[in-house]
Amino acid sequence: MRQVIEDLVKKGPSDKEMRRAKEYYLGRRAMDLQGDASLAGYFTLEEVYRLRFKTEAEVARLIEKVTAKDVSRLAERLMLNSNLVTSTVG
-13 MRQVIEDLVK
-3 KGPSDKEMRR
7 AKEYYLGRRA
17 MDLQGDASLA
27 GYFTLEEVYR
37 LRFKTEAEVA
47 RLIEKVTAKD
57 VSRLAERLML
67 NSNLVTSTVG
């Protein structure tokens, strides 16, 4: 598992992986926000955290700006540190 994370940090995700991840996120988000309860929860969290509501077009633009290099940097910061612990359950 650590090798996969190290590869992600060094090489970054492929163009295909980036495209699929962005499409998945935007599609999942659109489906998740179709119900009244989901929308109410979304607006509530926006208010609680004092975030500005973003339209779907704004969210799509922000997601499209994410680069493979951004993913690599975040993976390095969050997953490659001396405190990383691997647990096996089951």
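When the count follows our numbering, it moves up by one through the sequence shown with no breaks and lands on 76 for the last residue.
Just so you know, even glycine gets a beta-carbon here, dropped at the ideal spot from N, CA and C.
Distance between beta carbons of residue j and residue i, contact taken as under 8 Å
{"i": "residue 57", "j": "residue -1", "result": "5 Å"}
Cβ-Cβ distance between residue i and residue j below 7 Å
{"i": "residue 70", "j": "residue -5", "result": "no"}
{"i": "residue 19", "j": "residue 25", "result": "yes"}
{"i": "residue 39", "j": "residue 50", "result": "no"}
{"i": "residue 61", "j": "residue 4", "result": "no"}
From the options, residue whose alpha carbon lies closest to that of residue i
{"i": "residue 47", "options": "8, 14 and 21", "result": "8"}
{"i": "residue -8", "options": "22, 52, 64 and 74", "result": "64"}
{"i": "residue 59", "options": "-3, -11 and 1", "result": "-3"}
Residue i - containing alpha helix (DSSP H), residue span
{"i": "residue 63", "result": "54 to 65"}
{"i": "residue 20", "result": "Note, residue 20: premise wrong, no alpha helix (DSSP H); not H, not E."}
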